[in-house]
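58 is the number of the first residue of the sequence shown in this note's numbering; add one for each residue after it. Using N, Cα and C, we set each Cβ at its ideal position, and we do this for glycine too. What follows is a short report on a single structure.
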Amino acid sequence: MARITDVLKRHRVLGLDTSPFIYHIEGTTPYAECSHSVFEELAHGSFRGVTSVLTLMELSVRPLQMGQPEVADAYELLLVNFPNLSILDLNRHTARRAAEIRSIHRLRPPDALQLSACLGARATAFLTNDRVLKRVTELEVLLLEDFV
58 MARITDVLKR HRVLGLDTSP FIYHIEGTTP YAECSHSVFE ELAHGSFRGV
108 TSVLTLMELS VRPLQMGQPE VADAYELLLV NFPNLSILDL NRHTARRAAE
158 IRSIHRLRPP DALQLSACLG ARATAFLTND RVLKRVTELE VLLLEDFV
């Protein structure tokens, strides 16, 4: 089985879904070690990481539901200040491309928007743990579970 760090060497820009952030922040097993390797390489500048504001929203929901806005604030600070990571805004061009992606691959709107934003930032790979996203052919979809 290939190591994720070896696969990531083929890419200059990596799109990141929300799940790798969750696994990294919460230390979720069995994915924590793999996601830690990804974020360590990102911090060292081995590649550039991109994700959309949807990740910020998705990371904040649970802490806010639990009445812990300070945790949501901490997650936002972590994302905004993480080295070599860009948080992408969504706009009408992103929405239009998301509609095209969604029409071709039958994805949920948030997934199509996330992918569209990352493709707009020239990502050539997308790290997730959502097997449904393997339908996407516009970039290489990497599943964390394949590296555990």
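For residue i, the three-state DSSP class (helix, strand or coil)
i	result
ALA182	strand
VAL70	strand
SER92	helix
ARG153	helix
VAL198	strand
LEU142	strand
Rounded distance between the beta-carbons of residue j and residue i, thought under 8 angstroms
i	j	result
SER94	PRO77	At roughly 10 angstroms, the Cβ-Cβ gap does not stay under 8 angstroms, so SER94 and PRO77 are not in contact.
LEU113	GLU133	6 angstroms
Host alpha helix (DSSP H) of residue i (start-end)
i	result
SER173	166-177
VAL214	Residue 214 is absent from the model: the chain starts at 58 and stops at 205.
LEU65	61-65
Beta strand (DSSP E) segment containing residue i, residue limits
i	result
SER109	105-109
So, do the region 94-107 and the region 66-75 have three or more beta carbon pairs nearer to each other than 8 angstroms? The answer is yes - the region 66-75 touches the region 94-107, with three or more Cβ pairs under 8 angstroms.
Would you call the region 157-165 and the region 181-193 touching, i.e. three or more CB-CB distances under 8 angstroms? Counting C-beta pairs with one atom in each stretch, the region 157-165 and the region 181-193 have three or more that are closer than 8 angstroms, which means they touch.
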